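Protein chains in written order, with our numbering: chain A, 34 to 194; chain B, 318 to 433; chain C, 12 to 106.
C-beta atoms are modelled at their ideal positions from N, C-alpha and C, and glycine is treated no differently.
These figures come from a predicted structure and were not determined experimentally.
Presented below is the structure to which this report refers.
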């Protein structure tokens with residue numbers, strides 16, 4: 034609780050330099066002072082701190098997400114342009130059980146699933162054990178569940194738990 | 318528009334990225350216009366939001382870096398912001414839509430109950 | 012045909028794509044059968060407007076447009092949040 038949020042301060046400092054687009058000494062000093070005070074003031078608003086265990090697993094996860102975004106962009110473009118070979122797309126809701134409990138991991142899972150075109154995160158049950166998703170072209174529900182659990186949930190559990 | 322003196326190593330990738338990004342955003346909007354139901358329409362603008370915007374931002378970074386003869390990164394801020402906010406608004410619109418359809422169905426049922 | 016011509020026509024094509032996308036989103040905004048369609052269309056309109064501004068910045072090699080694009084992205088998020096609050100509760104500012 035009383036640990037100073039060093040990561041938040043560093044991110045704010047980098048953001049300040051990017052926003053000003055310079056590394057002049059004045060901006061560096063002002064950015065450092067601002068980052069220190071804003072981080073100290075804001076971390077009381079959210080006492081829950083993320084505990085990152087294995088950050089190196091995040092790199093292959095990011096690569097997989099990038100590949101999936103490109104792939105599902107192509108898939109959604111084919112559905113929109115009607116290039117699915119005469120087959121009608123079948124939108125539908127799926128629900129799948131989750132083993133991930135860490136709130137930060139769940140937030141990142143929600144961002145991944147929603148940023149990938151074709152799937153939108155709809156709802157999570159109150160004990161965060163059952164997830165509802167909407168999928169644009171639902172062909173094989175079991176395959177979707179398997180993909181999400183293998184590709185996204187397992188690395189996130191390794192990172193955060 | 319003024320003539321731009323871009324070196325070829327920046328101009329060719331930037332052109333390819335711009336064409337891909339523009340086409341993706343356009344296809345996303347076509348989907349928004351012509352897909353039949355709301356839940357299907359929900360998915361198509363996220364194409365322009367993710368990969369379309371990403372391509373344009375990388376192209377913009379390439380061009381301004383080549384023009385100023387130093388790396389320019391401040392487009393990363395917009396990318397970061399889009400990556401963080403677009404899923405939040407998409408999820409909330411989805412929840413709002415589901416709530417709305419449920420409320421409307423209930424209201425319609427009550428209405429028919431009163432009439433009959 | 013030089014590299015400059017290729018780049019300028021690509022930039023022009025991308026900008027026209029974004030403008031057309033804005034037009035389509037505006038049509039959906041006017042026509043949309045439900046309130047949720049209109050919210051979605053407004054969100055798409057904002058994003059495409061931001062990309063159009065960025066393209067103006069790329070084509071005119073000016074950095075002024077970057078700040079405007081950042082502001083539009085911020086307003087898009089705030090506006091979508093307020094409108095989804097309206098979808099869920101029926102009003103934006105509750106008593």
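Alpha helix (DSSP H) segment containing residue i, residue limits
| i | result |
| --- | --- |
| residue 330 (chain B) | 325-351 |
| residue 20 (chain C) | 14-42 |
| residue 96 (chain C) | 75-100 |
| residue 119 (chain A) | Unbroken run through residue 119 (chain A): none, as it is neither H nor E. |
| residue 408 (chain B) | 392-432 |
| residue 135 (chain A) | First-last for residue 135 (chain A): undefined, no H or E at that position. |
| residue 56 (chain C) | 46-71 |
| residue 180 (chain A) | 174-180 |
| residue 385 (chain B) | 370-385 |
| residue 189 (chain A) | 187-193 |
| residue 77 (chain A) | Unbroken run through residue 77 (chain A): none, as it is neither H nor E. |
| residue 355 (chain B) | 355-358 |
Amino acids of chain B, ordered along the chain, whose beta-carbon sits closer than 7 Å to that of residue i
| i | result |
| --- | --- |
| residue 144 (chain A) | 404 |
| residue 169 (chain A) | 357, 360 |
| residue 48 (chain A) | 394 |
| residue 84 (chain C) | 395, 398, 399 |
Counted within 10 angstroms of its Cβ, other Cβ atoms place residue i as buried (16 or more) or exposed
| i | result |
| --- | --- |
| residue 104 (chain A) | exposed |
| residue 222 (chain A) | Residue 222 (chain A) lies beyond the range of chain A shown here (34 to 194); nothing can be said about it. |
| residue 431 (chain B) | exposed |
| residue 415 (chain B) | buried |
| residue 192 (chain A) | buried |
| residue 25 (chain C) | buried |
| residue 48 (chain C) | buried |
| residue 326 (chain B) | exposed |
| residue 114 (chain A) | exposed |
| residue 390 (chain B) | exposed |
| residue 358 (chain B) | buried |
| residue 34 (chain A) | Since pLDDT at residue 34 (chain A) reaches only 46, below the 50 mark, its modelled position is unreliable, and no value is offered. |
| residue 56 (chain A) | exposed |
| residue 428 (chain B) | exposed |
| residue 35 (chain C) | buried |
| residue 74 (chain A) | exposed |
| residue 318 (chain B) | Annotation note: pLDDT 47 at residue 318 (chain B) (below 50); position unreliable, no value reported. |
| residue 46 (chain A) | buried |
| residue 62 (chain A) | exposed |
| residue 180 (chain A) | exposed |
| residue 188 (chain A) | buried |
| residue 101 (chain A) | buried |
| residue 78 (chain C) | exposed |
Chain A residues whose Cβ lies nearer than 9 Å to that of residue i
| i | result |
| --- | --- |
| residue 400 (chain B) | 144, 148 |
| residue 389 (chain B) | 54 |
Within chain C, partners of residue i - CB distance below 9 Å
| i | result |
| --- | --- |
| residue 359 (chain B) | 47, 51 |
| residue 352 (chain B) | Simply none; closest approach about 10 Å. |
| residue 417 (chain B) | 45, 46, 47, 98, 99 |
Where the beta strand (DSSP E) through residue i begins and ends
| i | result |
| --- | --- |
| residue 56 (chain A) | Neither: residue 56 (chain A) is in no beta strand (DSSP E) and is coded neither H nor E. |
| residue 157 (chain A) | 152-157 |
| residue 167 (chain A) | 163-168 |
Chain-ordered chain A contacts of residue i [CB-CB under 8 Å]
| i | result |
| --- | --- |
| residue 412 (chain B) | 155, 156 |
| residue 408 (chain B) | 143, 147, 153, 154, 155 |
Contacts that residue i makes with chain A (C-beta to C-beta distance below 7 Å)
| i | result |
| --- | --- |
| residue 393 (chain B) | 51 |
| residue 420 (chain B) | Result: empty, since nearest Cβ-Cβ is about 16 Å, beyond 7 Å. |
Contact list for residue i against chain B, beta-carbon separation under 8 Å
| i | result |
| --- | --- |
| residue 81 (chain C) | 394, 395, 398 |
| residue 148 (chain C) | Any property of residue 148 (chain C) remains undetermined from this structure, which presents chain C solely from 12 to 106. |
Residue i: CB within 7 Å of a non-hydrogen atom of the ligand FMN
| i | result |
| --- | --- |
| residue 398 (chain B) | By its list of ligands, the structure shown contains no ligand whatsoever, and the ligand FMN lies outside what it can speak to. |
For this session: Could you list the residues in the region 35-48 of chain C with a C-beta less than 7 Å from some C-beta on chain B, going in chain order?
Result: 35, 36, 38, 39, 45, 46, 47, 48
Exercise. For the region 184-194 of chain A against the region 408-424 of chain B, are there 3 or more C-beta pairs whose distance is under 8 Å?
Worked result: no
Problem set entry | Residues in the region 54-74 of chain C having any Cβ partner in chain B nearer than 8 Å | 54, 55, 58, 59, 61, 62, 65, 66, 68, 69, 70, 71, 72, 74
For this session: Identify each residue in the region 356-387 of chain B for which the Cβ-Cβ distance to at least one residue of chain C is less than 8 Å, and report them in chain order.
Result: 358, 359, 362, 365, 366, 369, 370, 373, 374, 376, 377, 380, 381, 384
Problem set entry | Touching by the beta-carbon criterion (3+ pairs, under 8 Å), the region 113-130 of chain A and the region 168-175 of chain A | yes
For this session: Taking a Cβ distance cut-off of 8 Å, strictly less, list which residues of the region 103-136 of chain A are near chain B, in chain order.
Result: 103, 106, 109, 110, 112, 113, 114, 122, 124
For this session: Quick one: which residues of the region 328-344 of chain B get their C-beta closer than 8 Å to a C-beta of chain C? List them in chain order.
Result: 328, 329, 331, 332, 333, 335, 336, 338, 339, 340, 342, 343
For this session: Count the C-beta pairs between the region 158-169 of chain A and the region 336-343 of chain B that are closer than 8 Å, then say yes if the count reaches three, no if not.
Result: No, they do not touch.
Exercise. So does the region 90-108 of chain A actually touch the region 61-68 of chain A, counting three or more Cβ pairs closer than 8 Å?
Worked result: Between the region 90-108 of chain A and the region 61-68 of chain A there are fewer than three inter-stretch CB-CB distances shorter than 8 Å, so the stretches are not counted as touching.
Exercise. Three or more C-beta pairs closer than 8 Å, one from the region 375-389 of chain B and one from the region 401-413 of chain B: is that the case here?
Worked result: no
For this session: Assess, as a yes-or-no matter, whether the region 38-47 of chain C is touched by the region 80-88 of chain C under the definition of 3 or more beta carbon pairs within less than 8 Å.
Result: no
Exercise. Looking at C-beta atoms only, is the number of pairs between the region 54-66 of chain C and the region 363-379 of chain B that lie closer than 8 Å three or more?
Worked result: yes
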